[in-house]
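>
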Amino acid sequence: MEGTLIVEFSSLNYLAILLAGLSGYVLGALWYSRTGFGKTWLKRMGLEGDDLEEPIGPMALAMLSSLIKAFALALVVQAFGAKSFLDGAGVGLLIGLGLNATSIFSDHLFGQWDFQLFVIRAGYQVCFSTLAGGILGFWR
Numbered sequence: 031m032e033g034t035l036i037v038e039f040s041s042l043n044y045l046a047i048l049l050a051g052l053s054g055y056v057l058g059a060l061w062y063s064r065t066g067f068g069k070t071w072l073k074r075m076g077l078e079g080d081d082l083e084e085p086i087g088p089m090a091l092a093m094l095s096s097l098i099k100a101f102a103l104a105l106v107v108q109a110f111g112a113k114s115f116l117d118g119a120g121v122g123l124l125i126g127l128g129l130n131a132t133s134i135f136s137d138h139l140f141g142q143w144d145f146q147l148f149v150i151r152a153g154y155q156v157c158f159s160t161l162a163g164g165i166l167g168f169w170r
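Be aware that the sequence shown starts at 31, since it is given in the numbering used here, and climbs by one per residue.
(1) Considering Cα atoms alone, identify which of S41, L48, G163, T70 is closest to L124.
(2) Go to I36, then tell me how far its alpha helix (DSSP H) extends in each direction, as first and last residue.
(3) Taking only runs of the alpha helix (DSSP H) that begin and end inside the region 100-170, which ones reach a length of at least 4 residues, in chain order?
(4) Hey, quick one: how far does the alpha helix (DSSP H) through T70 stretch, first residue to last?
(5) Within 10 angstroms of the Cβ of Y154, are there 16 or more other Cβ atoms? Answer buried if so, exposed if not.
(6) Apart from the five residues on each side of it in sequence, which residues of its chain come closer than 8 Å, Cβ to Cβ, to V37?
(7) Please list, in chain order, all residues of the same chain as H138 whose beta carbon is under 6 Å from its beta carbon, the five residues on each side excluded.
(8) Can you tell me where the alpha helix (DSSP H) with S53 in it begins and where it stops?
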C-alpha cells in the first residue's frame with residue numbers, strides 16, 4: 031500500500047539492537063568518565079564526585095535507556111531503508127541532531143545552564159545515535 035509505513039518487528043535484528051544499546055552505554059561510560067568529560071560535567075552541574083549516589087541503580091537504568099533507544103532507532107533505520115553503516119549512521123545523526131540535541135537545547139535554555147554543559151550532554155546523544163544507527167544499518 032503506497033504511502034503506508036509498515037513496521038516489521040519480526041525482521042529486526044535483535045542482536046544488532048543489543049550491540050547498539052551496549053555500544054551506546056559503553057560510549058556513555060567513557061564520555062562521562064574522569065578521562066572523558068566527567069570532570070567538566072560534574073563541575074558544570076555544580077556537583078562533586080562525593081555528591082553522586084551509589085552508581086548501581088542509575089547505571090542499570092542508563093543501560094535500559096540505551097537498549098530502548100537502540101530499539102526505537104532500529105525502527106527508524108528500518109523505515110528509512112538504511113542498509114549500510116553510513117546509511118544507518120546518517121539516520122542516527124539526523125535523529126541525534128534533530129530530536130535529541132534540540133530537546134536538550136530547549137531544556138538548557140529554560141534551565142539556564144551554560145553552553146558547555148549543553149555541548150557535553152548533546153554531544154553524547156548525537157554520537158550515541160550516530161554510532162548505534164551505523165551498527166543497525168550495517169547489521170540488518
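Glycine included, C-beta positions come from ideal geometry on N, C-alpha and C.
On the basis of the supplied data:
(1) G163
(2) It is not in any alpha helix (DSSP H) - I36 carries neither H nor E in the DSSP assignment.
(3) 115-125, 132-141, 145-168
(4) 68-75
(5) buried
(6) L105, Q108, A109
(7) F148
(8) 44-61
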